[in-house]
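If you're matching positions, the sequence shown starts at 1 in UniProt numbering and goes up one per residue.
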Amino acid sequence: MSEKNSMTRREALKKMGMVAAGIGLGIGGVNATDVLGLSEKEEKRGKMKVLAINGSSRKDGNTADMLNLVLGELKKEGYETEHIQLAGHTINPCKACFACAGKKNCVLGNDMFQELYQKMTEADAIILGSSTYSADVSSTLKAVIERASVVSDTNPGMFRHKIGGAVAVARRAGAMNTIDTINHFFLNKEMYVAGSTYWNIAYGRLPGEAMKDEEGVANMKNLGQNIAWLLRRI
1 MSEKNSMTRR EALKKMGMVA AGIGLGIGGV NATDVLGLSE KEEKRGKMKV
51 LAINGSSRKD GNTADMLNLV LGELKKEGYE TEHIQLAGHT INPCKACFAC
101 AGKKNCVLGN DMFQELYQKM TEADAIILGS STYSADVSST LKAVIERASV
151 VSDTNPGMFR HKIGGAVAVA RRAGAMNTID TINHFFLNKE MYVAGSTYWN
201 IAYGRLPGEA MKDEEGVANM KNLGQNIAWL LRRI
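1) Would you kindly report the start and end of the unbroken alpha helix (DSSP H) that includes A175?
2) What does DSSP give as the partner residues of A170 in its beta bridges?
3) Please go through the same chain and pick out, in chain order, the residues whose beta-carbon is closer than 6 Å to the beta-carbon of G164, but skip the five residues on each side of it.
4) G204 and V169 - do their beta-carbons sit closer together than 9 Å?
5) Give the straight-line distance between the Cα atoms of D65 and T81, rounded to the nearest whole angstrom.
6) For V50, which three-state DSSP category applies?
7) Work out the CA separation of D213 and residue 270 for me, nearest whole Å.
8) Pull up the distance between the alpha-carbon of A135 and that of R171, whole angstroms please.
9) Smallest Cα separation from T154: which of E122, S139 and V107?
10) Compare the C-alpha of N62 against each of A96, A202, I234 and H184 and name the closest.
11) Use the C-beta contact count for Q85: other C-beta atoms within 10 angstroms, 16 or more gives buried, fewer gives exposed.
12) Using the Cβ count rule (16 or more neighbours within 10 Å means buried), how would you classify Y198?
13) What does the alpha-carbon distance come out to for the pair G22 and K76?
14) Assuming M158 and K104 are in contact, meaning their beta carbons sit under 8 Å apart, how far apart are those beta carbons, in whole angstroms?
15) Just the Cα atoms here: how many angstroms apart are E122 and N219?
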């Protein structure tokens, strides 16, 4: 080992000792970030944003419950989270006018899409959730995906290297197509897709039923933990 490398190692060990001593003695002002010189990205971890969009037509239903489980794990890690529910809002379909080219947002301002898309571009991780309608996402979330796809296609790289997580809720079947629709959007936009110990699906029809799906609940918590793991590495 070179003298330069050896000195660097000794200095690092000395600094680690200072942190341990400061924390152990309760010395005010001793901060691990200051002493160890942690990266700027580490310091900004608490400022990283996670956006969850709930495409269900029911507000505060099973899909909201599952998204809150995912966000709960991220809050524990200190990440800033926001949960937007589309229930009660209208998202108009894409007009395929391509007027968004070079503008970095949709030009149609007669609904909440512009604000929603801006939040998506500002987020470090995006979680899209939907209950299952005819073996797919809700029509409202599908409109979001279609318009976001065109805006990002005409303004390349807007979602590159963000993290994506898909959440689906179903009474019985069809949820795999819901997951696929969301993940196809993420993958086509150069995003990193987080998974869980099983498919990110929970089952239930009436409000609160999905919370009784123990495997589904575990999947959502694991998804949140995996998104947090990825956020620490981007």
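We put the CB at the ideal spot given by N, CA and C, even for glycine.
Values in this document were obtained by computation on a predicted structure and should not be read as measured data.
On the basis of the supplied data:
1) A175 to N188
2) Y203
3) I126, F186, M191 and V193
4) yes
5) 15 Å
6) strand
7) Given that the chain is displayed from residue 1 to residue 234, the structure contains no residue 270 and the question cannot be resolved.
8) 11 Å
9) V107
10) A202
11) buried
12) exposed
13) Low local confidence applies: a pLDDT of 44 at G22 is under 50, so the model's placement there is unreliable, with the coordinate-based value given in what follows. Cα to Cα, G22 sits roughly 25 Å from K76.
14) 7 Å
15) 26 Å
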